[in-house]
Amino acid sequence: MRTIMKLLLILTAPTLTSATAQCYGYKPMPSVSTYLGANINYDTSNKICCNNHRYAEYSGYLNAPEVNLFSRLDPHNETIFYDSVCGIPLFIAPRGRSFDEWKKESLHHGWPSFRHQEIVSENVIIHSDGRMESKCLTHLGHNLPEGGTDRYCIDLVCIAGQPLSAEDERVKILQLLDEVVLENEEFNANSYVSSAESFSGNYRDGSTLVIIALSVGAAIMAIPFCSFVIKYMSRRRAKRDGNQKDDKSGEYEGVGGTEHSEEASDTHAIHQNIPTIQSTV
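In mature numbering (1 follows the signal peptide of the UniProt record, and there is no 0), the protein residues as written are -19 to -1, 1 to 262.
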């Protein structure tokens, strides 16, 4: 019976490929656009959350005049951030540090930044390349370790949701797909302790980027050098060909000069006889 329900739910989801599509074929909930009274661009949220694996909202968006995230938060209490699509809890902050420390780090980097104590580890996936998404397959951001520990650099538009009940079809699909998820009914922020490691090792290795950058730089620098070598070899070849032509011209002129001298001797002999003939006449 469970298998039949699972198939029916997948087939009746927004798209036939919802079992593998980002956000399982859903879109962010409409309330995202007015999260905490802010004016968040819904189209941007939809594009980044459900149609993207690489891009992010622009740096500093959390502090834009129409958003101004930290002015809307209670500095004396933790804030729970929910998935913009399926409403499952994803982060609790600040935890293990002060509000001002969390704010300072986030504003410095340009995106909401969370640490391992602040992630609801049951509901978030950190891929080997550092890309992060929720169990709803909502794109969240990237893990960018700093100071020897993980730092989750997250798009605000993807964590601006409201909690949904287990009866909502967006949550039901996770249940029927056997995803291990900590639902809102089971989640107690006061007693919750994240099981995330301080350093997961899942991030895009900076040394790889350095190697790529050096390779590209070397290739760019090699272009003018190769061009110089080609021009130099072409000039040498042209010069060598020119010398060979000069040598051949000299040979021809030498032969022609001998014939000319012989003709000149014959003509000279004839002219020497002319006066004799004229004087005879």
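Each residue gets a CB set at the ideal place from its N, CA and C atoms; glycine is no exception.
From the options, pick the residue whose C-alpha is nearest to that of residue i; which is it?
i, options, result
"Lys116", "His123, Glu82, Ala19, Val66", "Val66"
"Trp83", "Arg35, Ala177, Gly129, Asn58", "Asn58"
"Glu127", "Tyr63, Ser94, Pro11", "Ser94"
"Ile29", "Cys139, Ala2, Pro144", "Cys139"
"Ala37", "Ala219, Ile135, Asp81", "Ile135"
"Tyr184", "Tyr63, Leu54, Thr130", "Thr130"
"Glu164", "Ser179, Arg78, Tyr63", "Tyr63"
"Cys31", "Ala45, Pro56, Tyr5, Tyr16", "Tyr5"
"Leu158", "Leu118, Ser146, Phe168, Ser179", "Leu118"
"Ser109", "Leu125, Ile100, Glu103", "Leu125"
"Asn44", "Lys85, Glu103, Glu166", "Lys85"
DSSP three-state label for residue i, please.
i, result
"Glu70", "Per the sequence shown, residue 70 should be read as Pro rather than Glu. If DSSP states are grouped into helix, strand and coil, Pro70 belongs with the strands."
"Ser14", "helix"
"Phe80", "helix"
"Tyr213", "helix"
"Phe62", "strand"
"Ser208", "helix"
"Ala219", "helix"
"Arg185", "coil"
"Leu163", "coil"
"Glu150", "helix"
"Ala194", "Caution is warranted here: a pLDDT of 48 is assigned to Ala194, below 50, making its placement in the model unreliable, and the coordinate value is therefore given only provisionally. In the structure shown, Ala194 sits in a helix (DSSP, three-state: H, G or I)."
"Leu155", "helix"
What does the Cβ neighbour count give for residue i, buried or exposed, with the cut at 16 atoms within 10 Å?
i, result
"Arg96", "buried"
"Glu148", "exposed"
"Tyr42", "buried"
"Met214", "exposed"
"Ser87", "buried"
"His123", "buried"
"Val174", "exposed"
"Glu114", "buried"
"Thr15", "exposed"
"Glu178", "exposed"
"Met10", "buried"
Using a threshold of 7 Å, state whether the C-beta atoms of residue i and residue j are closer than that.
i, j, result
"Asn27", "Glu47", "no"
"Arg132", "Gln98", "no"
"Tyr7", "Arg151", "yes"
"Asn33", "His120", "yes"
"Ile73", "Ser181", "no"
"Val13", "Ala141", "yes"
"Leu145", "Gly68", "yes"
"Gly91", "Ser40", "yes"
What ranges does the alpha helix (DSSP H) occupy inside the region 2 to 55, keeping only unbroken runs of at least 4 residues that lie completely in it? 23 to 31
Could you tell me which whole alpha helix (DSSP H) segments of length 4 or greater appear in the region 70 to 145? 80 to 90
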